[in-house]
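Novice: Residues in the sequence shown are numbered consecutively from 1316, following this note's numbering. We put the CB at the ideal spot given by N, CA and C, even for glycine. Since the structure is predicted, the reported quantities are computational estimates derived from the model, not experimental observations. The following block contains the structure, expressed as structure tokens.
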Amino acid sequence: MDDPVTTARSVRVAHGFRQRLFGLGRKPLAGTSLAFRTRSVHTFLVGTTISVAALDERGRVLHSERLAPNRLYVQVRAAWIAEWAGAAPPPVDTVITLLK
1316 MDDPVTTARS
1326 VRVAHGFRQR
1336 LFGLGRKPLA
1346 GTSLAFRTRS
1356 VHTFLVGTTI
1366 SVAALDERGR
1376 VLHSERLAPN
1386 RLYVQVRAAW
1396 IAEWAGAAPP
1406 PVDTVITLLK
């Protein structure tokens, strides 16, 4: 069985201004995940490294990496950006389920 802390297969879509503004938060809990309808995210004021992935319209991973605090992540081909706390970034071509 997959470990949710090390394998990302689904993410919740961020709704509302507050959830989009704060993302995973300053000290995100391991296993927490969110997806944003955007092409960029940042880790300013985030106290830990997170995993991020650029997704196409269908949730297929186009690019992923670990993102340290105080960094900007931009992927112009992305329809969604997903982020995870305490999880390894998913491999390219993995399909992520967006939980709306």
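#1: Determine the burial state of L1349: buried for a count of at least 16 other Cβ atoms within 10 Å of its Cβ, exposed for fewer.
#2: How many Å lie between D1371 and A1394 at the Cα?
#3: G1401 to R1373, Cα distance in whole Å?
#4: Quick check on the burial criterion: 16 or more other C-beta atoms within 10 angstroms. Buried or exposed for A1383?
#5: Going straight from the alpha carbon of T1412 to that of V1376, what length do you get?
#6: Please report how far the alpha carbon of A1368 lies from the alpha carbon of R1386, in whole angstroms.
Specialist: Judging by the given coordinates:
#1: buried
#2: 5 Å
#3: 24 Å
#4: exposed
#5: 11 Å
#6: 14 Å
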